[in-house]
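S.K.: The sequence shown maps to residues 448 to 1304 in the numbering used here.
Built from N, CA and C at the ideal position, the CB exists for glycine as well.
For reference, the structure I am asking about is given below.
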Amino acid sequence: MPRHTYECKKVAAETESEIGLICLLKQGKPAGSSVTFVVYHDGAEKHRIDGAVVADPRARAGKAATAKYVPPLVPDDKTHYVVTYKAIADGEEYKLDDEIHVWPRKAKLTTRNEDDTKPLKNFKFKVMQGGAQTGSNLVTEGDDPATLEFKLEAGKPFTLEALDPYEFIGVPAAQNGKLRELKSTGRVNFTPEFVKPKRPGDGQIIQWVNMDADPALKGTDGLGDTVEVTVGVDGDRDPTSGNTITKPLGQAGIYVYVKVVFSGPGGKKSLRNTPKTELADGLNLLSRAAVKEAATDAQWEYTGKVDLALAGGVGKFKLALGLAGGDTCTVSLGSTPACNGPTLTFTNWRKRWYELMAPDFMVMNTRVVGGVSMRDFPAAGRTVITDSGLTTFTEYEIHKSFSFTELEATTAGKGSVLPREFFGQTSGPDKRYLLTRLTMQTPPKAFDNGKGSRCMTVLLCDDIFVSDGASKGHPDRERTITTTTAEADLDLATTVSSSCVWHPVSANRTRAAADTIIALKWTANIARPTDYQGPADYDFETDVDDPTIDGTSKDRRLRIEELTQNPAPCTVVFKNPLIGNTPTTLDGAAKSAINAWLASLWTDAKVRPHGFELRFRITGFGGNANRNARFDAVRAHIQNQMGTAAPQLYKHLGLTAAGACRTGPLDWAATVNMGRSHAQRIAVDLPAVNPDDPGSLAGALSDTQCPIDVYFKFEHQVKINGNANNPWVVIKLGTEGPAAPECVSETVMHEGAHRLGLAAPAHGVPGIPAAKKIDEADAVYPHNGTLGHYYTGHGHNGGHCAYGLSDAQKGTDPFNWTTSQACKCFLYGSGGRDDSSRRRMSFCPQCQDILRGKELT
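Dropping the structure here:
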């Protein structure tokens, strides 16, 4: 690399420039060597200098030759010259690679007026070297000549630039071939000023383009999408009073030149083309020219000049700023077409308000806004909303908040209030407000809507359950579980999916509110009914000896009773013969009577209520062998009939008379135990009042019990974070809300964008092309592939944005949280409920551009 240094000094006060020459020698001794340096300027030999030989351990011979060289002045016709040199020592020549560039210390400028007839005094200019300014701004001195000698930096050529209000006419020229003796012609220009609106110190004005302007102020109050700008000459107004001075420079025929550039984020204005952004014709604007205003131009540019013909030496022109948030309009003024004077930039912003409505038992942040205490999102959530607004140039501000009672929350199907335990919560308010697609149709109270379409109305709840049918992956579900207790609890997370939830009110807007559980029934689970087939069980109570039963008759009577059904007893008569003893065996008539009586008792219908059991008791006159024989004869006949003639019954209360497993419907309103149920469990208490009720039957398989199958058909509900299908948006805040304010607020942004018509290819912004879908090539907003980002379905309801997903992931269906690790945009179809795992951090570039273009008036 070459070295750079100044030429020799011109005056004693300056520090002399010296170039150190050095050469490492190969042989000889220091005391016995001599050396001569040959110095070249731009390759031509210029000087020979005797050098000194000194010890130097770096050299092979331990010695080096050195000398000092003072570079002469740079010739007037050269910008600089290059010094090279060689050394001659002990008869050997050493050529060296060292190269030194020598530069001038100073230059001088003489300034003359435009026609070179007089000096131009106090001309302001700056020196540029290497693309940057060297030193401070400079001003020529003296009356005649007006001149200034100025310093230069070594190592770079120089140019001069005039400073406003001064202007070079042409390039300062070298005099008599002397490159640093410059003369220029120029002119002094006045400095224009922005009279109204006044230019702030930073030259930046936020213009609220969706607000209604005061007609008298014509946009100069920062409101509205057009601004009438007044310009004049700086110094023409008293800085304290603002009144015009006696002899202002501004007058008819004096022009302020204007250059207007419309741009936006990333140096590109929005493609929204209605209303048009432009420097409008009219007022005092002359010579308007559209330099760039094609749809393909990233920036639009206009020029013109304003005649200062109005009273006070001012002129007016109008800017049409359009409605797109983030678009900028930079106005540059000048007394020449270069417009090197003051600049003023208008940046389009929009105001969007929101109203919040929430139950009075919901824990919320409270803050004072405009002297009014309002319930609002937590601070961390408001930060997400604010940051989102920064990308779309929208400022969000709460307008009003409303509270409603539990009664208002549950009246006329406007929601459900459930205990916190239903949502798996153990702390916080003991009540939680739940909405569904069915119950969110009417808010508990009316919103104010005082800001019209510029206001987003938000109904807050603790959770939202929806069921959108089979096409959205939420078909009605059928599940059967088996229980051996009176409790039948269906775990939705394990039997359906980890996302499946339920509650007693329908989450489908097309279904009646009471139809969440469509069917509920029980069935006894007995694999082999024949194991329980046989006649009714029976037993005999102890015989009863009643000597009075026969009265005065010689006949002997036995009375047979059945003690479970208590029918009319069967009386058997043993006739006393005229000759001989009374018989001890049954005759045909007695047997027939007993048979008929038994037949009326042993049917399924008769014995089922008594556990398929008959219990007999025989009463009569006993006490001797013959009498006791008659008891035995009756007992034996009954035993014979029960063993040979009794029907084969299915002796289990879980079986029907035909041997089928019993089944029956359950009234879900009466059997679902809400105290044991929660969002992912439907807990059923089986009825257990009677022995044959399913709750009584439930148990391990035995003669009296059996497992019970419980069949559920129910609405598949899932949680969502928000919904925008109404004139208001519904946002889940409560169950995870206090711990996830950022997720809540990203949902607010998501649903608020839905209210503005996103995300659909035909987004409704004039001038912005339709968005590309995920099966179409996208050359404008490619990311993680070549396909577009807008989609419908894929497990989500409505249109959404898949920005961040790869092309391969866009080919999957449904989209889900697992396959969407790269989802980036607030308008992706699903979001988190835990701030620590947020993935949707902002609107994607495409959605930002569309939202910037949305008309929020």
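At which residues does the alpha helix (DSSP H) containing residue 1143 begin and terminate?
M.R.: What you label residue 1143 is simply residue 696 of the sequence shown in a count that begins at 1. 1141-1144 is the span of the alpha helix (DSSP H), which, as asked, contains residue 1143.
S.K.: Smallest Cα separation from residue 964: which of 1160, 652, 741 and 651?
M.R.: Here residue 964 refers to the residue found at position 517 when the sequence shown is read from its first residue. Here the closest residue by C-alpha is 1160.
S.K.: If you check the beta carbons only, do residue 507 and residue 473 fall under 8 Å apart?
M.R.: On the sequence shown, residue 507 is found 60 positions in, with the first residue counted as 1. On the sequence shown, residue 473 is found 26 positions in, with the first residue counted as 1. It is a contact, given that the beta carbons lie within the stated cut-off.
S.K.: Report the residue from 1259, 1158, 842 and 848 whose alpha carbon sits nearest the alpha carbon of residue 819.
M.R.: Sequence index remark: in the sequence shown, residue 819 carries index 372 (1-based). That would be 848, whose Cα lies nearest to the Cα of residue 819.
S.K.: State the beta-bridge partners of residue 469 as determined by DSSP.
M.R.: Against the sequence shown, residue 469 aligns to sequence position 22. Its beta-bridge partners are 513.
S.K.: Would you mind sorting residue 518 into buried or exposed? The rule is 16 or more other CB atoms within 10 Å of its CB.
M.R.: In the sequence shown, counting from the first residue as 1, residue 518 sits at position 71. The residue is buried, with at least 16 neighbouring Cβ atoms inside 10 Å.
S.K.: Would you tell me roughly how many angstroms separate the C-alpha atoms of residue 1110 and residue 1251, rounded to the nearest one?
M.R.: Position 663 of the sequence shown, counted from the first residue, corresponds to residue 1110. Position 804 of the sequence shown, counted from the first residue, corresponds to residue 1251. Residue 1110 and residue 1251: Cα-Cα distance of roughly 53 Å.
S.K.: Please name the residue or residues paired with residue 883 in a DSSP beta bridge.
M.R.: If you number the sequence shown from 1, residue 883 lands on position 436. Answer by DSSP bridge pairing, in chain order: 912.
S.K.: Are residue 790 and residue 779 closer than 8 Å when you measure CB to CB?
M.R.: By 1-based counting over the sequence shown, the position of residue 790 is 343. By 1-based counting over the sequence shown, the position of residue 779 is 332. Yes, the Cβ-Cβ distance between residue 790 and residue 779 is below 8 Å.
S.K.: Relative to the C-alpha of residue 728, which candidate in 937, 834 and 764 has its C-alpha closest?
M.R.: Here the question's residue 728 lines up with position 281 in the sequence shown. Out of 937, 834 and 764, 764 has the C-alpha closest to the C-alpha of residue 728.
S.K.: I think residue 1067 touches residue 1006, with their Cβ atoms under 8 Å apart; what is that distance to the nearest whole Å?
M.R.: Locating residue 1067 in the sequence shown gives position 620, counting from the first residue. Locating residue 1006 in the sequence shown gives position 559, counting from the first residue. Correct: roughly 7 Å between the Cβ atoms.
S.K.: Residue 1271 and residue 1203: beta carbons closer than 8 Å?
M.R.: Reading the sequence shown from its first residue, position 824 is the one you call residue 1271. Reading the sequence shown from its first residue, position 756 is the one you call residue 1203. Going by C-beta atoms, residue 1271 is not nearer than 8 Å to residue 1203.
S.K.: Here's the rule: buried if 16 or more other CB atoms are within 10 angstroms of the residue's CB, otherwise exposed. What is residue 647?
M.R.: On the sequence shown, position 200 is the one that residue 647 refers to. Exposed: under 16 other Cβ atoms inside 10 Å.
S.K.: Does the structure place the region 810-824 close enough to the region 851-860 that three or more beta carbon pairs sit under 8 Å?
M.R.: Short answer: they don't touch.
S.K.: Can you confirm whether the region 549-559 touches the region 522-540 when touching is taken to mean that 3 or more C-beta pairs between the two stretches lie within less than 8 Å?
M.R.: As far as the Cβ criterion goes, the region 522-540 touches the region 549-559, which means the pair count is three or higher.
S.K.: So, is residue 448 buried or exposed, given that buried needs 16 or more other C-beta atoms within 10 angstroms?
M.R.: By one-based count along the sequence shown, residue 448 stands at place 1. So residue 448 counts as exposed.
S.K.: Skipping 5 residues on each side, what residues in its chain have a beta carbon closer than 7 Å to that of residue 920?
M.R.: Against the sequence shown, residue 920 aligns to sequence position 473. Within the same chain, residue 920 has close Cβ partners 1242 and 1261.
S.K.: Starting from residue 828, trace the alpha helix (DSSP H) both ways and give me its first and last residue.
M.R.: Residue numbering aside, residue 828 sits at position 381 when the sequence shown is read from its first letter. 826-839 is the span of the alpha helix (DSSP H), which, as asked, contains residue 828.
S.K.: Please identify the residue among 1075, 1011 and 626 whose C-alpha is closest to the C-alpha of residue 994.
M.R.: As a first step, residue 994 must be located in the sequence shown, where it is residue number 547. Here the closest residue by C-alpha is 1075.
S.K.: Let me check understanding here. Comparing Cα to Cα, which of 673, 785 and 949 lies closest to residue 661?
M.R.: Taking the sequence shown and counting its residues from 1, the one referred to as residue 661 is at position 214. For the residues 673, 785 and 949, the minimum Cα distance to residue 661 belongs to 673.
S.K.: With a cut-off of 8 Å on the beta carbons, I'd call residue 555 and residue 628 a contact; round off their distance for me.
M.R.: For the purposes of this step, residue 555 is identified with residue 108 of the sequence shown, where counting begins at 1. For the purposes of this step, residue 628 is identified with residue 181 of the sequence shown, where counting begins at 1. Sure, about 6 Å apart at Cβ, within 8 Å.
S.K.: Given this structure, state the Cα-to-Cα distance separating residue 926 from residue 1165, to the nearest angstrom.
M.R.: Against the sequence shown, residue 926 aligns to sequence position 479. Against the sequence shown, residue 1165 aligns to sequence position 718. Cα to Cα, residue 926 sits roughly 17 Å from residue 1165.
S.K.: Would you mind working out which of 1216, 1244, 1195 and 1292 sits nearest residue 800, comparing C-alpha positions?
M.R.: Against the sequence shown, residue 800 aligns to sequence position 353. Considering only alpha carbons, the answer is 1195.
S.K.: Please tell me whether residue 615 and residue 633 are closer than 8 Å, where the distance is taken between their beta carbons.
M.R.: Translated into positions along the sequence shown, residue 615 becomes position 168. Translated into positions along the sequence shown, residue 633 becomes position 186. Contact flag set, yes.
S.K.: Please check the pair residue 831 and residue 1189, which I expect to be a contact at CB under 8 Å, by giving their CB distance rounded to whole angstroms.
M.R.: In the sequence shown, counting from the first residue as 1, residue 831 sits at position 384. In the sequence shown, counting from the first residue as 1, residue 1189 sits at position 742. Indeed, because the Cβ distance is near 5 Å, the residues count as touching under 8 Å.
S.K.: Considering residue 1241, what are the terminal residues of the beta strand (DSSP E) in which it resides?
M.R.: Residue mapping note: residue 1241 aligns to position 794 of the sequence shown, counting from 1. Segment: none, residue 1241 is in no beta strand (DSSP E) and carries neither H nor E.
S.K.: Take the Cβ of residue 437 as the centre, count every other Cβ of all protein chains shown within 10 Å, and call the residue buried at 16 or more, exposed below.
M.R.: An answer regarding residue 437 cannot be provided, because it is not within the stretch 448 to 1304 covered by the chain.
S.K.: Is it the case that the CB of residue 1272 approaches a heavy atom of the ligand NAD more closely than 7 Å?
M.R.: For the structure depicted, the ligand NAD is absent and the ligand set is empty, with no information on it obtainable.
S.K.: May I ask you to verify whether the region 877-897 touches the region 1131-1138, counting CB pairs closer than 8 Å and requiring at least 3?
M.R.: Touching, no, given that fewer than three Cβ pairs across the two stretches are closer than 8 Å.
S.K.: Note down the Cα distance separating residue 623 from residue 464, rounded to an integer number of angstroms.
M.R.: By 1-based counting over the sequence shown, the position of residue 623 is 176. By 1-based counting over the sequence shown, the position of residue 464 is 17. In a straight line, the C-alpha of residue 623 is about 27 Å away from that of residue 464.
S.K.: Do residue 1012 and residue 967 count as a contact pair if the criterion is CB distance below 8 Å?
M.R.: Working through the sequence shown from its first residue, we reach residue 967 at position 520. Working through the sequence shown from its first residue, we reach residue 1012 at position 565. Not closer than 8 Å, so no.
S.K.: Checking contacts by CB at 8 Å: is residue 933 closer than that to chain D?
M.R.: Absent from the structure: chain D. Only one protein chain is present.
S.K.: Could you please give the first and the last residue of the uninterrupted beta strand (DSSP E) stretch that includes residue 494?
M.R.: By 1-based counting over the sequence shown, the position of residue 494 is 47. That run of the beta strand (DSSP E) goes 491-502.
S.K.: When the Cα of residue 1148 is compared with those of 1168, 1102 and 1091, which residue comes out closest?
M.R.: Numbered from 1 along the sequence shown, position 701 holds the residue referred to as residue 1148. It is 1102 whose Cα lies nearest to the Cα of residue 1148.
S.K.: Tell me the DSSP secondary structure of residue 809 in three-state form.
M.R.: Your numbering for residue 809 matches position 362 in the sequence shown. Coil.
S.K.: With burial defined as no fewer than 16 other Cβ atoms inside 10 Å of the residue's Cβ, what is the status of residue 1295: buried or exposed?
M.R.: Taking the sequence shown and counting its residues from 1, the one referred to as residue 1295 is at position 848. It counts as buried.
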